[in-house]
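If you read the sequence shown in my numbering, its first letter stands for residue 6, the second for the next number, and so on. Idealized CB from N, CA, C, for every residue including glycine. The structure displayed is predicted, hence computed values, not measured ones.
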Amino acid sequence: MMKSIDPTALEGLVALSQEGSFAKAAELLEISQSAVSQRIHALELAAGMVLVVRSRPLRLTAAAEALLRHARKAKLLEAELHKGLLELVPGGPLGRRRGEVTLAADPEHFSGWAWCA
């Protein structure tokens with residue numbers, strides 16, 4: 006049985022799959038290479054199996070690929086949930102209305118303004 010999965014550990018696996026190395030994944034996540042390695046190790050312990058073959062180049066196992074597919078789906082669902090919740094807020098995000106505003110004024114109203122480009 007699989008233990009609970011830490012979302013930051015999944016983030017590490019996603020970054021590792023995108024970047025192809027622990028060092029580049031660490032740069033992407035703005036954490037140390039050791040932290041990425043610890044996240045992957047924690048994920049492997051939770052899954053109860055090896056997810057990354059640590060060779061050059063490193064290789065993801067079939068289990069890691071399956072986990073990545075589900076992680077990506079979960080991320081899409083999270084974004085959809087966030088969007089859906091924002092649509093329920095009166096006036097849009099943070100109570101502000103979104104849209105376009107058109108203003109009209111005579112040029113003489115702007116004669117004293119300094120324009121910056």
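For residue j and residue i, the rounded distance between their alpha carbons
| i | j | result |
| --- | --- | --- |
| LEU63 | GLY89 | 38 Å |
| GLU85 | LYS78 | 11 Å |
| ALA76 | VAL58 | 19 Å |
| VAL41 | LEU48 | 11 Å |
| GLU83 | SER60 | 33 Å |
| LEU50 | LEU93 | 39 Å |
N-terminal and C-terminal residue of the alpha helix (DSSP H) that residue i is part of
| i | result |
| --- | --- |
| LYS88 | 67-93 |
| SER37 | Where SER37 is concerned, there is no enclosing alpha helix (DSSP H), given that its DSSP letter is neither H nor E. |
| VAL123 | In the structure as shown, the chain begins at 6 and stops at 122. Residue 123 is therefore absent and cannot be evaluated. |
Cβ shell of residue i (< 6 Å), same chain only, five flanking positions each side left out
| i | result |
| --- | --- |
| ALA20 | ALA30, LEU33 and LEU34 |
| ALA122 | The predicted position of ALA122 is uncertain, since its pLDDT is 46 and thus under 50; no value can be drawn from it. |
Sequence-distant residues of the same chain with beta carbon closer than 8 Å to residue i, five excluded per side
| i | result |
| --- | --- |
| ALA28 | GLN38 |
| GLN5 | This structure gives no information on residue 5, because the portion of the chain shown stretches from 6 to 122. |
| GLY25 | PRO62 and LEU63 |
| ALA69 | LEU18, SER22, LEU56 and VAL57 |
Contact set for residue i: own chain, Cβ-Cβ below 7 Å, skip 5 residues either direction
| i | result |
| --- | --- |
| ARG44 | THR13, ALA14 and GLY17 |
Residues that residue i bridges to, as DSSP identifies them
| i | result |
| --- | --- |
| VAL57 | LEU65 |
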